[in-house]
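Participant: Next up is a structure, given as structure tokens.
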Amino acid sequence: MKKLLTCFTFIVCFSLSLITQSNANEVKIGVLYPLTGPVAQVGIDAVAAVKTALDIINNSHDLGIPLSKEEGLSGLNGAKISIVVGDHGGNQDTGIAETERMVQDEKVHAMFGAYYSSVTGAASQVTERAKIPWVNGESTSPK
């Protein structure tokens, strides 16, 4: 879980550089995991960890960790982070479709997760074309 929170914090910081020119009061991040299928529990736990990170960042906590002391993102005048969650169920085509939905319809600033290397590889091509960063700390295929 610590690795997941670290990766999520990284993507939040990285996406700041992408939206600083806009007057956004919200940073929207797409989160894609298998919430159904054979490893659904991994995806469910990952989304729960992301929601914990959101609470830490969006609300003031005296935890002594980055982004916890103030509410929201101080570099963006307190902008809050929201997530759009997608379920690929371990299916590459579903992962592509969910990523397209989040990029085109939901207008996410960045993407996070995937877990399955096959889904990550295929779906990240959608964000690459849209010039949207994708951070993934779980997929391990060298391809």
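Position 82 of the sequence shown, counting from 1, maps to 82 under this note's numbering, and the rest follow consecutively. We put the CB at the ideal spot given by N, CA and C, even for glycine.
1. Tell me whether GLY37 sits in a helix, a strand or coil according to DSSP, three-state version.
2. What are the boundary residues of the beta strand (DSSP E) that GLY90 is part of?
3. Among ASN136, HIS61, THR140 and SER141, whose alpha-carbon lies nearest the alpha-carbon of ALA46?
4. Just tell me which of GLY90, ALA48, LYS51 and ASN77 has its CA closest to the CA of SER139.
5. Please report the Cβ distance between ALA97 and LEU32, rounded to the nearest whole angstrom; I am assuming they are in contact, meaning their Cβ atoms lie under 8 angstroms.
6. Would a C-beta distance cut-off of 7 angstroms place PRO57 and VAL108 closer than the cut-off?
7. Whole angstroms are fine: how far does the CA of GLN92 sit from the CA of ASN59?
8. Report the option in ALA49, ALA53 and GLY113 whose CA atom is closest to the CA atom of SER68.
9. What residues in its chain sit with their C-beta under 7 angstroms from that of ILE83, if we drop five residues either side in the sequence?
Facilitator: Answer, in terms of the structure:
1. DSSP places GLY37 in coil when its eight states are reduced to three.
2. Annotation: GLY90 is outside any beta strand (DSSP E) and is labelled neither H nor E by DSSP.
3. Taking only the C-alpha atoms, the option nearest ALA46 is ASN136.
4. That would be GLY90, whose Cα lies nearest to the Cα of SER139.
5. Cβ atoms of ALA97 and LEU32 stay farther apart than 8 angstroms, at about 11 angstroms.
6. In the sequence on display, residue 57 carries Ile and not Pro. No, they are not a contact pair.
7. Distance between the alpha carbons of ASN59 and GLN92 is about 35 angstroms.
8. Checking every option, the nearest Cα to that of SER68 belongs to ALA53.
9. If we look at ILE83 and ignore the five residues flanking it on each side, its Cβ neighbours are ILE29, VAL31, VAL50 and LEU54.
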